[in-house]
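Chain order of the listed sequences is C and Y.
So the first sequence is numbered by our numbering: it starts at 98 and just counts up by one.
So the second sequence is numbered by our numbering: it starts at 98 and just counts up by one.
Every residue gets a Cβ at the ideal spot worked out from N, C-alpha and C, and that includes glycine.
Written out below as structure tokens is the structure these notes cover.
There are 2 protein chains.
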Amino acid sequence: MTETLEDSTARHAHMIEAAIAAVSSRKSWSPFRDSPSAKFHAPGAPEAGKAAFHAQLGRPFNLEQPAIVGRSGAEISPFTRQPLGIDYPVSDPSALIDAAQAAMASWRHVDPEARIALCIEMANRLYARNFEMAHSVMHVAGQSYTQAFSGSGPNALDRGIEALAYAAKAMRDVLPAVRWERTFGKEDVSLDKCFRLVPRGIGLVICCASFPTWNAYPAMFASLATGNPVIVKPHPIAILPMAIVVQTCRNVLADYGCDPNLVTLAVDTLEAPIAQRFIDDPAVQIIDFTGSPRYGGYLERTVTGKLLYTETAGINSVVLEGCDDLAATATAIARATCLFSAQMCTSPQNIYVPADGIETADGHRSFDEVAVALVAAVDAIADNPSVAAGIMGAVQAEPSCQIVRNLAERAAQNPDARILRAPTSYPHPDHPQARTMTPLIVALPAGNAALYAEEHFGPVMFIIAATDRNAAVEEATRLAREHGAISSYLYSNDDAFIDNAITAYEGSGMNLSINLHGAMWANFAAAYSDYHVTGLNPAGNACLADLAFVASRFRIVQNRRPTSRKADAHAA
Amino acid sequence: MTETLEDSTARHAHMIEAAIAAVSSRKSWSPFRDSPSAKFHAPGAPEAGKAAFHAQLGRPFNLEQPAIVGRSGAEISPFTRQPLGIDYPVSDPSALIDAAQAAMASWRHVDPEARIALCIEMANRLYARNFEMAHSVMHVAGQSYTQAFSGSGPNALDRGIEALAYAAKAMRDVLPAVRWERTFGKEDVSLDKCFRLVPRGIGLVICCASFPTWNAYPAMFASLATGNPVIVKPHPIAILPMAIVVQTCRNVLADYGCDPNLVTLAVDTLEAPIAQRFIDDPAVQIIDFTGSPRYGGYLERTVTGKLLYTETAGINSVVLEGCDDLAATATAIARATCLFSAQMCTSPQNIYVPADGIETADGHRSFDEVAVALVAAVDAIADNPSVAAGIMGAVQAEPSCQIVRNLAERAAQNPDARILRAPTSYPHPDHPQARTMTPLIVALPAGNAALYAEEHFGPVMFIIAATDRNAAVEEATRLAREHGAISSYLYSNDDAFIDNAITAYEGSGMNLSINLHGAMWANFAAAYSDYHVTGLNPAGNACLADLAFVASRFRIVQNRRPTSRKADAHAA
């Protein structure tokens, strides 16, 4: 320990203030660089990170934890299709809970600003390991290198620091102590009141397989900052990134004389899941869940008396009823669908186009012309392996490919549907064994809900011929109410139509991006600025991040007593 | 409608700013007078209020509501034991829900500051009816006139305005619109983003019988301010105060051109309770419950996917291990227990005194001497009918008396227990038929959990001989963890002991008042300053009021689009 908690708090104060300023202004800000370009990083950093990842392969992951009863780990790289050969400690769940509770006993008394500073220190150290993290995320999740670097690195860390900003705001809203004075009858009463922030209990962070860090950081930091220990439960096919996170956090805690058991890893297997064991434990008071709508929905229907924050998935849609430049718009849509092979919570799946076509700056375009443009835009990505590799990465798990192949079969048997593009694989330039799949594209009229009225977790784009643009918005918003939606997209040149649509999307609790194309990905969600998930439809109940995400993670306990003469003299 | 919404917003702006300043400083503040003394009120106001109450007796309550299918009402005054003879409209629940949803459609688009202003207007008009309210609360709940005036009037309205202050803080935390700019590669991207506050859905406010307005105002105002309609479900034996509230709120809404169905009354009977019908309805998204631990606990164990805020009850304790002036301390404890015949959520029940006595400024006092002082302090209230009437009021319901009589029988049969004071009635000077009961006082050693380890809703004080002061704190805090506690009291002259005790009480999520006596009631909870209920033990899950009480009652929906050239020119 080379720095005291107090010094750490002072050193990181500027960053939490800057983060608070960012969430308050919603302007673009980040303390990190989200490009892996060598010019932004120390010489040798990319190579060192890659080497650290490779050095880990085939070895036990070094993580000291309480009550290790075994080791587990069966990750397989979607790029090499080879096992990573890493195993992780499996701790007895009761022992993890006991250790977390024991750690909370002192953590709750640590100055909230110091807790925040330690979370920032964790973020900084994770950023310092980000090249290693990028390779780790690549080889468990299938994200491309650049996406793994940015989306699972700085963009995710920013979400974590954003949550810290809200935690700071919510906790600072409670004064630590005040003097209160009032006259009752003829008596002047003076009381000294103390208000203490008290954590609720253990926070369980359940991570998804495809994007483990993005939701984990805000959940972990929000709970830790407010005094709660966290137990991280990674998806059994994507443990390594979260093991790195837990290791890093534990090192930070130990370095500052805090109990490392404030952050522990709960490893399980697909065959013997462990999450429910923790959820049912009375000591677990906060559950942050990212994952399938099936389990997330189950939790939403069954968890009582605890805080539950969920992000699951939904049917993201595009309504394309007009644009200036069809090719640019088609490219924006194609890129959003292709990014990480549509394995993102923001990937659009259902593209609504009026059956009688759309207006563009270059004149009318028929439905089929729009469809052709979309296919061409996807082809432009899919047919260029190095572009495809950078955008699509790999498909994490075989079931996603099977889902898409099954859809292709069902579409082939559906007389209404036309397969415009088959889900081929592309040859990855660096990893010939990579599990890749380019999007299936199906054109079909609205009304074929059996095909498109659910989220298919894999690369598929439905181009849906809507009766008209109003019907398109009606169906897109109705499906979001029923099945959820996280990101929605609208292309139109008609301001009055847009205004009406905004009301309709708002009515289904849908965040809407309008007419986005160009260098920024349409499905890019900016920390500190874009609120992610509304909590108003089945895609999740929590928002990254707002006051509601943090304000209930701690409680307030007060004491009060008459102002003493001694205190009076001291104050005077 | 003589004033526009905009003018109302401007006129009330100073009050919400003052309320925000108050919750931020936690200093004493109120826009209202909490004394019924004629000198603070307009000439004739007390008489007019009393006359309004009497004019209502024996008549149908005039409340226009949707889909009235019948009338109901069987309130009986605890003071006169006569039926009030008032009936209230019973509306079809589905129609109330439909009407609330229809009303929400426009209310959600009303400027949040205007919604807050209308809630302040409601509070002001309720304050203007406060003499009528005082008589109404008296004759359904049994509160004394002065307590009904203050505790159910200004003190409750203050809690409501306090919730408005937090609603304002939470909503103002979300900017309505920003311009966001960032460079991606070589492209400067500029987006205009709009962030809209969206209500969650209908708020159901379930009121308790003994103190209906105190929790109702914060719940109603928190939901209304954040855009949600409310359905008020009063306890069937205490409808009138909430009918007055609903009537007043509806009048305000109508006066400002808003849909009065934003606030409706759902009347039921003891035989056919209706709350669950609303709780189970998908349109009801927020439930504020005040009442029995039995039903509150049931809701906490069963409600999923909705916001649930509860305040139930607990075992409030005093640990008396030392004091300067025993008589003054005994008086403070006696007054807290006697206030409203111990029918308050803050009433102390279990008084722990070390078996070997306590130290005072006047020397050692044995356990029995302490007990004698406590009995004498209760007698000083109970033996003076006009004092008793002002403090104790009446017992609302016969079961409370029966609980205390049963306890007296059980204590008489318990060889460890000594009945120091029988639960007699006192003659009420104004209402000879009043249901009154002075406290049963039982002295007994610790360990008789069967007698005192639950909340007895009626006037009873257990003076418990603890092995020592540490054992006293241990048991008081343990019972709070198991059964809840809302207000706890400690008397000690030993600062080190107090410091340790504070940690122990904090560990059980107990708000603690230390060494309080004198003109301020020890169980007085000041709006804007004292956080009421910690949410950390079974006495409830919500706090009046903090950010967590309001921050989840609304959600954020955003849209974003490229900055248009037109907007650029406009901004320049």
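Where the beta strand (DSSP E) containing L290 (chain C) begins and where it ends: For the sequence presented, residue 290 (chain C) should be read as Lys rather than Leu. First-last of the beta strand (DSSP E) with K290 (chain C): E284 to P296.
What are the start and end residues of each continuous alpha helix (DSSP H) run of 4 or more residues lying completely inside the segment 166–250 of chain C, in chain order? Listed in chain order, they are 190–204, 209–225, 227–238 and 242–247.
Span of the alpha helix (DSSP H), counted from its first residue to its last, around G394 (chain C): Start and end: P390 to T399.
Chain C contact for A531 (chain Y) (CB, 8 Å cutoff): Not an interface residue.
Does chain Y have any CB closer than 8 Å to the CB of V286 (chain C)? So yes, V286 (chain C) belongs to the interface.
Is any beta-carbon of chain Y found at less than 8 Å from that of C442 (chain C)? Taking Cβ atoms only, chain Y never reaches closer than 8 Å to C442 (chain C), which makes this a no.
Identity of the residue in Y:V381, Y:T409 and Y:G393 nearest K403 (chain Y) by Cα: In terms of CA proximity to K403 (chain Y), Y:V381 leads the group Y:V381, Y:T409 and Y:G393.
Which chain Y residues sit within Cβ distance under 8 Å of L633 (chain C)? Simply V295, R297, R652 and V654.
Assuming S589 (chain Y) contacts I595 (chain Y) under a Cβ cut-off of 8 Å, what Cβ separation, rounded to an integer in Å, is found between them? S589 (chain Y) to I595 (chain Y), Cβ: 5 Å. Contact.
Counting only C-beta atoms, is C435 (chain Y) closer than 8 Å to chain C at any point? No, its Cβ sits nowhere closer than 8 Å to a Cβ of chain C.
Listing by chain order, which chain Y residues have their CB less than 7 Å from the CB of Y628 (chain C)? Under a criterion of Cβ atoms nearer than 7 Å, the residues of chain Y adjacent to Y628 (chain C) are, in order, F292, I653 and Q655.
C-alpha gap between I334 (chain C) and A313 (chain C), whole angstroms: Rounded to whole angstroms, I334 (chain C) to A313 (chain C) spans 16 Å at the Cα level.
For the segment 440–472 of chain Y, which residues have a beta carbon sitting closer than 7 Å to at least one beta carbon of chain C? Residues: none.
Just grab the DSSP bridge partners of K330 (chain Y) for me. Answer is Y:I303, bridged to K330 (chain Y).
Residue range of the beta strand (DSSP E) that P659 (chain Y) falls in? For P659 (chain Y), the enclosing beta strand (DSSP E) stretches over residues F651 to P659.
For the segment 564–634 of chain C, which segments carrying the alpha helix (DSSP H) assignment without a break, of at least 4 residues, lie completely within its bounds, in sequence order? Secondary structure in the segment 564–634 of chain C: the alpha helix (DSSP H) runs of 4 residues or longer, each lying completely within the stretch, are 566–580 and 592–604 in chain order.
Less than 6 Å between C-beta atoms, sequence neighbours within five positions excluded: which residues of the same chain meet that for G393 (chain C)? Close CB contacts of G393 (chain C) within its chain, under the 6 Å cut and outside five residues either way in sequence, are with F386, T407 and T409 (chain order).
Return the residue from the list C:T280, C:L613 and C:Q373 that minimises the CA-CA distance to S191 (chain C). Comparing Cα-Cα distances from S191 (chain C) to each of C:T280, C:L613 and C:Q373, the minimum goes to C:Q373.
Below 7 Å between beta carbons is the criterion; list the residues of the segment 385–409 of chain Y that meet it against any residue of chain C, in chain order. Result list: E397, R398, T399, V400, T401 and G402.
For the beta strand (DSSP E) that contains G460 (chain Y), what are its first and last residues? Residues G460 to R462.
Among all the DSSP beta bridges, which residues are the ones paired with S414 (chain Y)? Looking at the DSSP output, S414 (chain Y) shares a beta bridge with Y:N447.
Please list the segments of the alpha helix (DSSP H) lying wholly inside the segment 318–378 of chain C, counting only runs of 4 or more residues, in order along the chain. You should have 337–352 and 372–376.
Does P524 (chain C) have its Cβ less than 8 Å from a Cβ in chain Y? Residue contact check for P524 (chain C) against chain Y: no CB pair falls below 8 Å.
Are the C-beta atoms of S649 (chain Y) and some chain C residue less than 8 Å apart? Using a Cβ-Cβ cut-off of 8 Å, S649 (chain Y) counts as an interface residue toward chain C, since at least one Cβ of chain C sits closer than that to its own.
Under 9 Å, CB to CB, which of the residues in the segment 557–582 of chain C have a partner in chain Y? Residues are counted here when their Cβ sits less than 9 Å from a Cβ of chain Y; for the segment 557–582 of chain C the count is zero.
With three or more C-beta pairs closer than 8 Å as the rule, is the segment 107–118 of chain Y touching the segment 604–623 of chain Y? Too few Cβ pairs lie closer than 8 Å, so no.
When you compare each of C:S125, C:A264, C:Y242 and C:C442 to D285 (chain Y) by their alpha carbons, which one comes out closest? Ranking C:S125, C:A264, C:Y242 and C:C442 by Cα distance to D285 (chain Y) puts C:S125 first.
Could you check where the beta strand (DSSP E) with Y406 (chain C) kicks off and where it finishes? Start and end: L404 to E408.
Short check: CB of A46 (chain C) to CB of L417 (chain C), under 8 Å? Here chain C has residues from 98 to 669 only, and residue 46 (chain C) is not among them.
Would the segment 333–352 of chain Y and the segment 129–142 of chain Y be scored as touching if the rule is three or more Cβ pairs under 8 Å? Contact fails: fewer than three Cβ-Cβ distances are below 8 Å.
Please report whether the beta-carbon of K124 (chain C) lies at a distance below 8 Å from any beta-carbon of chain Y. Judged by the 8 Å Cβ criterion, K124 (chain C) is in contact with chain Y.
Where does A669 (chain Y) land, buried or exposed, given buried means 16+ other C-beta within 10 angstroms? At A669 (chain Y) the pLDDT is 40, less than 50, meaning the model places this residue with poor confidence; the figure from the coordinates comes in the next sentence. It counts as exposed.
So P659 (chain C) contacts chain Y; which residues on that side make the cut at Cβ distance below 9 Å? Chain Y residues near P659 (chain C): I611, N612, L613, H614 and G615.
Please name the residue or residues paired with P157 (chain C) in a DSSP beta bridge. Paired residue(s): C:D184.
Using the Cβ count rule (16 or more neighbours within 10 Å means buried), how would you classify S203 (chain C)? Taking every protein chain shown into account, the CB of S203 (chain C) has fewer than 16 other CB atoms within 10 angstroms, so this residue is exposed.
Determine the DSSP secondary structure at E55 (chain Y), reduced to helix, strand or coil. Only positions 98 to 669 of chain Y appear in the structure, and residue 55 (chain Y) is not among them; the question remains open.
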